[in-house]
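Novice: Below: one structure in structure tokens.
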Amino acid sequence: CCNGTLHNHTIKIDPRAAMCVVIAAGGYPGSYEKGHEITGLDQANRVKDTVVFHAGTAMDNGKVVASGGRVLGVTSLGDTVADAINTAYEACAKIDFKDCFKRKDIGAKALKRMAIPPQVGVIMGSDSDFSVMKSALVMLKTFDIPYYVTVASAHRTPEKAIQLAVQAREQGVKVLICGAGHAAHLAGVIAAHTTLPVLGVPIDSSALQGMDALLATVQMPPGIPVSTMAIGKSGAQNAGITAAQIIGVSDPVVAEKLAAFKKEMADKVARKAASFA
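So that you can map any letter, position 15 of the sequence shown is 1306 in this note's numbering, and since no number is skipped, the others follow by simple counting.
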């Protein structure tokens, strides 16, 4: 990248879970000692699917020593989050230097969240839709609503799309959000195979700037409704909020967070208005 050759390289993303445990110097983030020799680096790097990244280290007479607060980042991959966590801590156990310490609960929140059944399913027609649909995820996170995200095409993988719709209710899902561009039949196909509320987000990914997706999503026949949002990121954001409002009908905690969210928006407008007074 520094040499201006990034365009010559192909980036490949490993789909497995990744976990990084930071090994810090004693006293960090306050004052800490430097110059302590670090042992076990070779052994840690030999742990399968693990790389030890140096953040605060230096060489001193041929030895690797601690020279910063955040000294090492031990990163491991795993088929599951739990596997990645266990592998990372296995590698960490092989590393030692005076007064080093690390948190022992890395990934605990993720495991706890993953143990909660998702209440909202977010389905995209293509992974290229994620840049838009992540606005829905931001809102779901704001209201602490568990969700899952996946890709299923109404045209390329119709069987998967139908399966997601059919299985959603028995998995505890309460709302389905579907985002697609072009012909945008995804939300309609999903709605045809479930009685759950389906929210459609038209994606502006075609030469028609989303108008084709809007009409394909909103013009459903009687009896198979799709609650259609605006085109693009605004629609995705509103889909997340609408899903929260549906869940909030029977969940007072979510309802309270929605009320606080609306109040904050009103307060923000009031502050802006006051700035012109």
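Don't be surprised by glycine CBs; every beta carbon is placed ideally from N, CA and C. Values in this document were obtained by computation on a predicted structure and should not be read as measured data.
Tell me whether the beta-carbon of Ile-1537 lies closer than 8 Å to the beta-carbon of Val-1457.
Specialist: Between Ile-1537 and Val-1457, the CB-CB gap reaches or exceeds 8 Å.
Novice: Just verifying my parser: in three-state terms, what is the DSSP assignment at Phe-1567?
Specialist: coil
Novice: Output needed for Ala-1459: all residues of its chain with C-beta closer than 7 Å, excluding positions within five of it in sequence on either side, in chain order.
Specialist: Gly-1412, Leu-1467, Thr-1485, Leu-1487
Novice: Under the three-state reduction of DSSP, which class applies to Thr-1296: helix, strand or coil?
Specialist: coil
Novice: Considering only residues of the same chain and omitting the five flanking positions on each side of Met-1424, which have a CB-CB separation below 7 Å?
Specialist: Taken in chain order, the residues that qualify are Val-1413, Met-1415, Gly-1470, Val-1492, Ala-1527.
Novice: Which stretch, first to last residue, makes up the beta strand (DSSP E) that contains Ile-1468?
Specialist: Under the DSSP assignment, Ile-1468 falls in the beta strand (DSSP E) whose first and last residues are 1466-1472.
Novice: Quick one: using the 10 Å Cβ neighbour count with 16 as the cut-off for buried, is Phe-1434 buried or exposed?
Specialist: buried
Novice: Can you name the start and end residues of the beta strand (DSSP E) that Thr-1441 belongs to?
Specialist: 1438-1442
Novice: Taking all protein chains shown into account, decide if His-1300 is buried (16 or more other Cβ within 10 angstroms of its Cβ) or exposed.
Specialist: exposed
Novice: On a Cα-Cα basis, can you pick out the residue from Ala-1498, Ala-1308, Ser-1419 that is closest to Thr-1366?
Specialist: Looking at Ala-1498, Ala-1308, Ser-1419, the one whose alpha-carbon comes closest to that of Thr-1366 is Ala-1308.
Novice: Decide if Ile-1304 is buried, meaning its Cβ has at least 16 other Cβ atoms within 10 Å, or exposed.
Specialist: With a 10 Å radius around the Cβ and a threshold of 16 neighbouring Cβ atoms, Ile-1304 comes out exposed.
Novice: According to DSSP, which residues form a beta bridge with Val-1492?
Specialist: Gly-1470
Novice: If we define contact as Cβ-Cβ less than 8 Å, is Gly-1491 a contact residue for chain C?
Specialist: As a matter of chain content, chain C is missing from the structure shown, which is built from one protein chain.
Novice: Have a look at Cys-1455 and Val-1480 and give me their C-alpha separation to the nearest angstrom.
Specialist: A small correction: the amino acid at residue 1455 is Leu; Cys does not occupy that position in the sequence shown. One C-alpha to the other measures close to 11 Å.
Novice: Which whole-angstrom value describes the C-beta separation of Lys-1393 and Ile-1314, a residue pair presumed to lie in contact below a C-beta threshold of 8 Å?
Specialist: 5 Å
Novice: When DSSP builds the beta bridges, which residues end up paired with Lys-1524?
Specialist: Answer is none; Lys-1524 lacks a bridge partner.
Novice: Which value, in whole angstroms, describes the spacing of the CA atoms of Thr-1519 and Glu-1547?
Specialist: 25 Å
Novice: Considering Cys-1383, what are the terminal residues of the alpha helix (DSSP H) in which it resides?
Specialist: DSSP places Cys-1383 inside the alpha helix (DSSP H), whose first and last residues are 1372-1383.
Novice: Indicate the three-state DSSP secondary structure (helix, strand or coil) for Gly-1531 in the structure shown.
Specialist: helix
Novice: Buried or exposed for His-1446, going by 16 or more other Cβ atoms inside 10 Å?
Specialist: exposed
Novice: Determine the closest residue to Thr-1330 out of Asp-1418, Gly-1359, Ile-1376, Cys-1391, with distance taken between C-alpha atoms.
Specialist: In this structure, Cys-1391 is the residue among Asp-1418, Gly-1359, Ile-1376, Cys-1391 with its C-alpha nearest to the C-alpha of Thr-1330.
Novice: Closest by CA to Ile-1376, which one among Pro-1408, Asp-1542, Ala-1568, Val-1312?
Specialist: Val-1312
Novice: Which partner residues of Arg-1361 appear in the DSSP bridge assignment?
Specialist: According to DSSP, Arg-1361 shares a beta bridge with Ala-1315.
Novice: Name the DSSP bridge partner or partners of Gly-1369?
Specialist: Ala-1308
Novice: CA-CA distance, Gly-1326 and Val-1356?
Specialist: 5 Å
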